[in-house]
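Residue numbers (the working numbering): 1 to 585.
Right, dumping it as structure tokens:
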């Protein structure tokens, strides 16, 4: 009975993680409640993982990296990159990809990719190269670069924490650095040879405007006296401007099949178009973007500006609707439009449920837009003028980060304590304040780590891990131990498509470790193979870094399958052999 309950909860968690209709933190919390109330876990077992040193280390890293990201140091680096001399594709890749991978080993790859896209577009234009040849390689190198260190990706951190919590192994900062370097080298060589040939040639949009070629979904209201009134949708000035009309809302009723319908006063029109088209509509009499109406009563500033912001994986807004996010109350900003790569949105703006990688077109006063640089929930995709004083503080934060790495690597100070000291120093030196420090921490991921680690304990207590592992071992028996290891690696890659990499690794990990024990193999080998497999899945554009380059590179879904599929297979083979070499079966 307990096995059936735990497996049922596991399946439910996988489905909910995949759909993202409920936040991963809420799903994890509900799992813990059910497991404790049913007696499968004790209260101590349910919350044991929340008190580990890895949780302290992870929280500290978020504080330090946020201090660096909001200082403008990375923007300064990006601006210098954009002034690099023109070169051929291979010449640019030869220094751009290693640089990206190195940076990604110590910071969030989504943020890094977002910061590097503008200079890469500028370099591509200067070198008269199609941006599509560079942007996918940029995203892939930022993802694979995270395999070099424990702190490179959230997946590495959660797996390391799980292995330590269950007494299997303690993974050091650079224990798999050599494997990560090989993976980066393979990615570099592949993208400069076969990958370059497979990557499509598509021109990026012209630089110098807010638009990056993204098609946004927005809402427009037809006002009294508008020239649209009593004109047909398909032959209207709005359609001629370049908008695609998706639906019309009239008297709380949503109408479709609208091309032959006549506009009426008060109609709320759901449209899709680029930023330039939206900006042109703002100047037309009798039409307003609904966000304009929201800003009218704000009173903060007469000047209103537009900018694009990204929803990162660490954002607490993921899973909430735009209405629930209360942008105007929280940030003094109104959401004018939403872009989601590879998908057409059909619901009205307030009902759109935010996902990782969504890009929002927001408007507000300059002071509110500048404050976005201090937000961990949103990443501004626009360049801003850096403050020299803040940049200096950013360099101090980098110095503190490096000192923590050296002290922990040499064994002089425990890993968690080294990073905690560095995080505290950023507050004591007034590089950041305590409010920003707490805001910087991705509490959703921390809850996911603690909760799914407890889920692993529940699988052990109930015997669900042995049940599943015995089934897997029996299925893979003809292939032997190595075949079973390969099977778990492929399973992990497949699960990372509908759900986050960290969640996929935590789902597979308990089963893989139990199977390794049943086979008399090393659970560390299986654990590390699962961890690295989750970090090298490049088959689809669902990874946030890939979502970011999807539209600027004018890519299609099949482009990632064609280019990233073979690379993922090659990297899996490399991991398969190198993991066994470092941690023998």
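We treat Cβ as the ideally placed atom computed from N, Cα and C, and that holds for glycine.
Across the structure, residue 184 and residue 392 are spaced so that their CA atoms are roughly 31 Å apart.
In this structure residue 416 does not touch residue 34 by the C-beta definition: roughly 30 Å separates them, more than the 8 Å allowed. When DSSP reads this structure, residue 168 sits in no beta bridge, so it has no partner. When DSSP states are grouped into helix, strand and coil, residue 126 belongs to the helix group.
Residue 556 places its beta carbon 7 Å or farther from that of residue 132.
Looking at the DSSP output, residue 307 sits in a beta bridge with 362. By the C-beta density criterion, residue 496 is buried, having at least 16 other C-beta atoms within 10 angstroms. One alpha carbon belongs to residue 437, the other to residue 251, and they sit about 46 Å apart. In the structure shown, residue 217 falls within a strand segment according to DSSP collapsed to helix, strand and coil. Taking C-alpha positions only, residue 325 is separated from residue 49 by approximately 30 Å. Under the three-state reduction of DSSP output, residue 263 falls in the strand class. Residue 126 and residue 89 have their C-alpha atoms roughly 12 Å apart. In terms of Cβ geometry, residue 153 and residue 408 do not form a close pair [threshold 7 Å]. Annotation: the region 227–258 contains the following complete segments of the alpha helix (DSSP H) (minimum length 4 residues), in chain order: 237–240.
Per DSSP, reduced to three states, the secondary structure at residue 288 is strand. Cα atoms of residue 460 and residue 573: separation of roughly 30 Å, rounded to the nearest angstrom.
When DSSP states are grouped into helix, strand and coil, residue 273 belongs to the strand group.
Contact between the region 154–163 and the region 116–123 is absent: fewer than three C-beta pairs spanning the two stretches fall below 8 Å. Distance between residue 486 and residue 502, taken at the CA atoms: about 19 Å. If you compare the alpha carbons of 337, 306, 6 with that of residue 365, the shortest gap goes to 306. DSSP places residue 486 in the uninterrupted alpha helix (DSSP H) bounded by 480–495.
In the assembly as shown, residue 224 is an exposed residue. Its beta-carbon has fewer than 16 other beta-carbons within 10 Å.
Burial state of residue 165 is buried, judged by a 10 Å Cβ sphere holding 16 or more other Cβ atoms. Between residue 231 and residue 263, the C-beta gap is smaller than 7 Å, which places the two residues in contact. Under the criterion of beta carbons closer than 8 Å, residue 473 and residue 515 qualify as touching, at roughly 5 Å. Contact annotation, residue 111 with residue 69: C-beta distance approximately 6 Å; criterion of less than 8 Å satisfied.
Shown here, residue 413 sits in coil according to DSSP, grouped into three states, outside any helix or strand.
Taking 7 Å as the cut-off, the Cβ atoms of residue 378 and residue 335 do not count as close.
Counting only unbroken stretches of 3 or more residues, no beta strand (DSSP E) element lies wholly within the region 22–51. Segment contact: the region 184–195 against the region 539–547, fewer than three CB-CB distances shorter than 8 Å; contact not assigned.
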